[in-house]
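Participant: I have a structure here, written as structure tokens, and I will follow up with some questions on it.
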Amino acid sequence: MGEPNVWSTAHLPDGDGRSAGVNVNGYELDCEIPLDAAPEPEGATPFGLLAGSLSACTAMSVRTFLKRWRIDPGEVTVHVAFRPGSPPMMDRRVTVGADVGPDLREQLAVEVDHTPVTVLLRDTLTIRTVLTTGTR
803 MGEPNVWSTA
813 HLPDGDGRSA
823 GVNVNGYELD
833 CEIPLDAAPE
843 PEGATPFGLL
853 AGSLSACTAM
863 SVRTFLKRWR
873 IDPGEVTVHV
883 AFRPGSPPMM
893 DRRVTVGADV
903 GPDLREQLAV
913 EVDHTPVTVL
923 LRDTLTIRTV
933 LTTGTR
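Be aware that the sequence shown starts at 803, since it is given in this note's numbering, and climbs by one per residue.
Listed below in structure tokens is the structure:
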């Protein structure tokens with residue numbers, strides 16, 4: 803079956819440190835494990851990396867979908883904010899530079915709700931999405 807093509811390794815040194823070295827497919831970064839009472843962390847956190855996965859996957863899926871319809875998407879921005887709680891929630895704002903008609907916009911919204919990372923996460927937490935297209 804072969805080796806996996808997507809992998810990650812985290813290394814947390816012995817001691818009281820709260821920063822893990824993370825290697826994702828050969829790309830190295832530090833990941834801070836924040837204290838619950840700590841102010842906003844300065845770097846990547848486990849939930850931040852999860853939000854990053856959702857935003858990157860959504861952006862690529864939006865662009866691929868629109869290009870399939872021969873629409874230049876223009877700039878695509880996806881902002882994801884993690885809201886802890888019970889149950890946890892992610893707020894996702896998808897902004898597409900291209901003007902998209904109502905019918906295709908509805909199909910795009912369905913595509914956003916079915917991106918690979920969305921499908922993996924949606925049974926675990928709520929993902930609330932706002933989709934904005936075209937210039938205001």
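Ideal Cβ placement from N, Cα and C applies to all residues, glycine included.
Measuring straight from C-alpha to C-alpha, what distance separates Val785 and Ile835?
Facilitator: This structure cannot settle anything about residue 785, because the visible part of the chain is limited to 803 through 938.
Participant: Is Ser810 helix, strand or coil by DSSP?
Facilitator: Along the sequence shown, one-based indexing puts residue 810 at 8. Residue state, collapsed to three classes: strand.
Participant: Let me check understanding here. Comparing Cα to Cα, which of Leu922, Thr926, Pro904 lies closest to Thr935?
Facilitator: By one-based count along the sequence shown, residue 935 stands at place 133. Measuring from the Cα of Thr935, the nearest candidate turns out to be Pro904.
Participant: Which value, in whole angstroms, describes the spacing of the CA atoms of Ser863 and Glu913?
Facilitator: The residue labelled residue 863 in the question sits at position 61 within the sequence shown. The residue labelled residue 913 in the question sits at position 111 within the sequence shown. Distance between the alpha carbons of Ser863 and Glu913 is about 8 Å.
Participant: Considering only their Cβ atoms, is the gap separating Val919 from Ser855 smaller than 8 Å?
Facilitator: As a first step, residue 855 is located in the sequence shown; it is residue number 53 there, counting from the start. As a first step, residue 919 is located in the sequence shown; it is residue number 117 there, counting from the start. In contact: Ser855 and Val919 (Cβ atoms closer than 8 Å).
Participant: Assuming the contact rule is C-beta atoms closer than 8 Å, Val898 and Pro875 should be a hit. Round their C-beta distance to whole Å, please.
Facilitator: As a working mapping, residue 898 is identified with position 96 in the sequence shown. As a working mapping, residue 875 is identified with position 73 in the sequence shown. With a Cβ gap of about 6 Å, Val898 and Pro875 count as contacting.
Participant: Along the chain, which unbroken stretches of the alpha helix (DSSP H) at least 4 residues long are found entirely within the region 873-900?
Facilitator: DSSP runs (the alpha helix (DSSP H)) wholly in the region 873-900: none.
Participant: Exposed or buried, Thr860, counting other C-beta atoms within 10 Å across all chains shown (16 or more means buried)?
Facilitator: Counting from one through the sequence shown, the residue named residue 860 turns up at place 58. Burial call: buried.
Participant: Tell me whether the beta-carbon of Ala900 lies closer than 8 Å to the beta-carbon of Leu933.
Facilitator: By 1-based counting over the sequence shown, the position of residue 900 is 98. By 1-based counting over the sequence shown, the position of residue 933 is 131. No. Outside cutoff.
Participant: In the DSSP assignment, what are the bridge partners of Leu933?
Facilitator: Your numbering for residue 933 matches position 131 in the sequence shown. Answer is Val896.
Participant: For Val826, which of helix, strand or coil comes out of DSSP?
Facilitator: Translated into the one-based positions of the sequence shown, residue 826 becomes position 24. In the structure shown, Val826 sits in a strand (DSSP, three-state: E or B).
Participant: Would you decide whether Arg894 is buried or exposed? Buried here means 16 or more other CB atoms lie within 10 Å of its CB.
Facilitator: For the purposes of this step, residue 894 is identified with residue 92 of the sequence shown, where counting begins at 1. Flag for Arg894 reads buried.
Participant: Short of 7 Å in beta carbon distance, which residues of its chain neighbour Pro889, apart from the five on each side in sequence? Order them along the chain.
Facilitator: The sequence position of residue 889 within the sequence shown is 87, counting from 1. Same-chain partners within the cutoff: Leu927, Thr928.
Participant: Buried or exposed for Val921, please, with buried defined as at least 16 other CB atoms from any protein chain shown within 10 angstroms of its CB.
Facilitator: Locating residue 921 in the sequence shown gives position 119, counting from the first residue. Val921 is exposed by the Cβ-count criterion.
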